[in-house]
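Residue 18 in my numbering is what sits at position 23 of the sequence shown, and the numbering runs on without skipping anything. In this text, a Cβ means the ideal position worked out from N, Cα and C, and glycines have one as well. As the structure is a computational prediction, the values presented were derived from the model and not from experiment. The structure appears below as structure tokens.
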Amino acid sequence: MLQISKLTLTHKRDLRTILSDFNMVLNYGDKAVMIGEEGNGKSTLLKWIYNAEMTEEYIEAEGERYSGKERLAYLPQELEQENRSKTLYEFFSSKAGFFDLSPKELAALSRKFQLDEGFFYSEQKMESLSGGERIKAQLMAAFMEQPTVLLLDEPSNDIDIDTLELLEKMINDFPYIVLFISHDEVLIENTANMIIHIEQVQRKTRSRYTIAHCSYAEYVKNRQDLFAHQEQLAQNDRREKAIRDEKYRKVYESVAKALSSCSKQAPSVAKNLKDKMHTVKAMEKRFERENAEMTEMPEQEEAIFFKLGNKESEIPNGKTVLEYSLDELRTPDNEKILARDIFLRIRGAEKVCIIGRNGCGKTTLLKKIAESMLQRDDIRVEYMPQTYENLLDINATPIDFLDTTGEKADRTRIRTYLGSLKYTADEMEHPIGELSGGQKAKVLLLKMSLSKANVLILDEPTRNFSPLSGPVIRKMIAAFPGAVISISHDRKYIDEVSTVVYELDERGLTLIAE
-4 MLQISKLTLT HKRDLRTILS DFNMVLNYGD KAVMIGEEGN GKSTLLKWIY
46 NAEMTEEYIE AEGERYSGKE RLAYLPQELE QENRSKTLYE FFSSKAGFFD
96 LSPKELAALS RKFQLDEGFF YSEQKMESLS GGERIKAQLM AAFMEQPTVL
146 LLDEPSNDID IDTLELLEKM INDFPYIVLF ISHDEVLIEN TANMIIHIEQ
196 VQRKTRSRYT IAHCSYAEYV KNRQDLFAHQ EQLAQNDRRE KAIRDEKYRK
246 VYESVAKALS SCSKQAPSVA KNLKDKMHTV KAMEKRFERE NAEMTEMPEQ
296 EEAIFFKLGN KESEIPNGKT VLEYSLDELR TPDNEKILAR DIFLRIRGAE
346 KVCIIGRNGC GKTTLLKKIA ESMLQRDDIR VEYMPQTYEN LLDINATPID
396 FLDTTGEKAD RTRIRTYLGS LKYTADEMEH PIGELSGGQK AKVLLLKMSL
446 SKANVLILDE PTRNFSPLSG PVIRKMIAAF PGAVISISHD RKYIDEVSTV
496 VYELDERGLT LIAE
């Protein structure tokens, strides 16, 4: 059993409470997913549960964690700095469970993750692995520890569809406790039997959480039904209040008018009117008490919204946006050929998605395409890499990064846009390096929105957005009037956004769907 009791987490920098009086009990068989908008403290909570010291630098915590003899294993959202320069063998050999496994067991584990048997002993640096390969390595390391509690922060990021299906099976088959964060709606729908929804309402001034023992689809439906019912009751209360208040106003004005025109020669009449006014005012106090008991309008944290592109972003259907060919696609160190005879043609406002297994070279190819297209002057290109820090200045604030003029009006406009993306005034002044992955992604998307780009190159654009924001992001990209070239393992993104899908393997690009 894993129990959290009366936990409150407060951000030290701006003294904002990101979680208040949080209580949770997880038992064997629970597959609990944490959902909520970016920056709401999900990753911080998961870190605190695993090791409170990991959050001490920026979080003040009050509360208790009870885990008894449970063995906790943690997969971070991003590979820790101290592990990036390690070779695969150094990384795995630092895990206590590595030397407890026989060569046969290690070989079985590598095959399960569709990796070569020599993967554990490779001299390749962890930082040089593809995003999916890094996740696989970390997942295997977590299972080596024989955990009874799996704490997984975005395990679905960057892994290919085959591995996503394997991850789903591993979560469903795990007999103990799984607590995970994911933005992959399909993964959540297929695995979670418990929903922990963390929200920041009233413009991020109040923390709220909901725990529901049900599937994600049931939770979303029940939540929508509850909010719709509460909204209907609140509207009915307000209509009845308006009718009641109008009647009260007429009675009050009638009595007040009669009282003001009452002759001093009619004291008995004046007394009756004064008594009646006293009764009317007593009614007002009763109405005030009734108002306090009215059904409140439902409060929910709304998903983000902004538009991507404008009239200037449109591309004529017949225009050739890209004709790209490459004889050989090699790894960044040039030691291995990943694919041959690559050819890609894009016309008009096509939404192209490239899929493929982890390590097949998708990100490497997209970088090469981006380098080629960014040099052209007949199109306007914006690029979102898989590693946001490649473009973001982590020491700058979001406002400073997005500000290109220094003009007061432009900075005010940027603040307005950031506000629409659910940034608080304090978060706008935080260094980008302190923001969550989703908040960093929002900065890059806003940069694209403020630009006049007509071609977007996106490496896993939905990977850090919550299940609540995911549908909005997909609609936004699908509605972009220009061309989009993207990589994604997000099954809903592939279905809802992509008009053309290619698969990359050693033979090149193969058309899968259009």
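Extent of the continuous alpha helix (DSSP H) to which residue i belongs
| i | result |
| --- | --- |
| Leu339 | Element bounds for Leu339: not the alpha helix (DSSP H) but the beta strand (DSSP E), 332 to 342. |
| Lys107 | 98 to 107 |
| Ser444 | 432 to 445 |
| Asp395 | 393 to 397 |
| Thr358 | 357 to 368 |
| Phe53 | It should be pointed out that residue 53 corresponds to Tyr in this sequence rather than to Phe. Tyr53 -> no alpha helix (DSSP H), and no H or E assigned at all. |
| Gly503 | It is not in any alpha helix (DSSP H) - Gly503 instead sits in the beta strand (DSSP E) that spans 503 to 508. |
| Ser123 | Run containing Ser123: none; DSSP gives neither H nor E here. |
| Arg325 | Unbroken run through Arg325 is the beta strand (DSSP E), 315 to 325; no alpha helix (DSSP H). |
| Lys42 | 37 to 45 |
Beta-carbon contacts of residue i that lie in its chain and below 6 Å, excluding the five residues immediately before and after
| i | result |
| --- | --- |
| Arg201 | none |
| Gly126 | Asp153, Gln381 |
| Glu498 | Ile350, Gly351, Thr505, Ile507 |
| Asn312 | Gly343 |
| Ser431 | Glu33, Gly34 |
| Ala136 | Lys90 |
| Val495 | Glu345, Val347, Glu509 |
| Glu501 | Ala334 |
| Tyr116 | Tyr84 |
| Pro466 | none |
Unbroken beta strand (DSSP E) run spanning residue i, endpoints
| i | result |
| --- | --- |
| Asn185 | First-last for Asn185: 180 to 186, but that is the alpha helix (DSSP H), not the beta strand (DSSP E). |
| Met19 | 12 to 21 |
| Tyr69 | 67 to 70 |
| Gly414 | Element bounds for Gly414: not the beta strand (DSSP E) but the alpha helix (DSSP H), 403 to 415. |
| Val173 | 172 to 176 |
| Ile206 | 201 to 207 |
| Asp9 | Segment: none, Asp9 is in no beta strand (DSSP E) and carries neither H nor E. |
| Ala27 | 26 to 30 |
| Ser481 | 478 to 482 |
Identity of the residue in the options nearest residue i by Cα
| i | options | result |
| --- | --- | --- |
| Leu162 | Met189, Leu134, Pro170 | Leu134 |
| Asn385 | Lys362, Ala404, Met368 | Lys362 |
| Ser308 | Tyr53, Thr494, Arg375, Gln76 | Arg375 |
| Gly34 | Thr505, Asp500, Ser464 | Ser464 |
| Lys276 | His192, Pro311, Asp240 | Asp240 |
| Met368 | Phe475, Thr494, Leu339 | Leu339 |
| Ser80 | Glu57, Glu122, Lys107, Glu48 | Glu122 |
| Arg11 | Glu112, Asp421, Glu318, Asp157 | Asp421 |
| Gly63 | Thr143, Tyr383, Leu321 | Thr143 |
| Asp322 | Ala404, Val316, Ile332 | Ile332 |
| Thr399 | Val496, Gly58, Ser446, His273 | Ser446 |
| Thr39 | Pro466, Met443, Glu429 | Glu429 |
| Arg531 | Ile310, Gly304, Ile341, Gly354 | The question about residue 531 has no answer here: the residues shown for the chain are numbered -4 through 509. |
| Leu416 | Gln434, Ser493, Leu101, Gly401 | Gln434 |
| Gly503 | Asp220, Lys357, Lys1, Phe108 | Lys357 |
Close-in-space but distant-in-sequence residues of the same chain around residue i (CB under 7 Å, 5 per side omitted)
| i | result |
| --- | --- |
| Glu491 | Arg469, Ala473 |
| Phe169 | Leu145 |
| Glu296 | The pLDDT assigned to Glu296 is 49, lower than 50, so where the model puts this residue is not dependable; a value taken from the coordinates is nonetheless given after this. For Glu296, where only same-chain residues beyond five positions count, the Cβ hits under 7 Å are Glu32, Glu194, Gln195, Val196. |
| Leu151 | Checking the sequence, you will find Ser at residue 151 rather than Leu. Cβ neighbours of Ser151 beyond the five flanking positions: Leu159, Leu162, Ser177, Asp179, Leu182. |
| Met423 | Thr392, Pro393, Ile394, Arg410, Leu413 |
| Lys37 | Met29, Gly31, Ile176, Ile193 |
| Pro462 | Ile30, His178, Glu180, Ile183 |
| Val479 | Lys346, Val347, Leu451, Leu453, Ile472 |
| Lys42 | Met49, Thr50 |
Assumed close pair residue i, residue j - CB separation to whole angstroms, cut-off 8 Å
| i | j | result |
| --- | --- | --- |
| Cys257 | Ala251 | In fact, because the Cβ distance is near 11 Å, the residues do not count as touching under 8 Å. |
| Lys314 | Gly343 | 6 Å |
| Leu(-3) | Ile172 | 6 Å |
| Tyr488 | Leu441 | The pair is not a contact, with the Cβ atoms about 19 Å apart (cut-off 8 Å). |
| Ala334 | Tyr383 | So it is not a contact: roughly 26 Å between Cβ atoms. |
| Ala91 | Glu149 | Not a contact, Cβ separation roughly 24 Å. |
| Met443 | Leu303 | 6 Å |
| Met19 | Ile191 | 7 Å |
Proximal residues to residue i (C-beta, below 8 Å), its chain only, five neighbours per side dropped
| i | result |
| --- | --- |
| Asn521 | What is shown of the chain runs -4 to 509, which leaves residue 521 out entirely. |
| Ile44 | Leu(-3), Ile(-1), Arg60, Leu67, Leu146, Leu174 |
| Ile364 | Leu317, Tyr319, Leu339, Ile452, Ile480 |
Within-8 Å CB hit, residue i to chain D
| i | result |
| --- | --- |
| Leu41 | Absent from the structure is chain D; it holds one protein chain and no more. |
Is the region 480 to 490 in contact with the region 447 to 459, if contact means three or more CB pairs nearer than 8 Å?
Note that the region 480 to 490 touches the region 447 to 459; at least 3 beta-carbon pairs, one per stretch, sit closer than 8 Å.
Any contact of the region 44 to 60 with the region 202 to 213, i.e. 3+ C-beta pairs under 8 Å?
At 8 Å Cβ cutoff, the stretches do not touch.
So, do the region 2 to 18 and the region 67 to 84 have three or more beta carbon pairs nearer to each other than 8 Å?
Under the 8 Å Cβ criterion, the region 2 to 18 does not count as touching the region 67 to 84, having fewer than three qualifying pairs.
Quick test of the definition: if touching needs 3 or more C-beta pairs under 8 Å, does the region 390 to 409 touch the region 111 to 129?
The region 111 to 129 and the region 390 to 409 do not touch, with fewer than three beta-carbon pairs separated by less than 8 Å.
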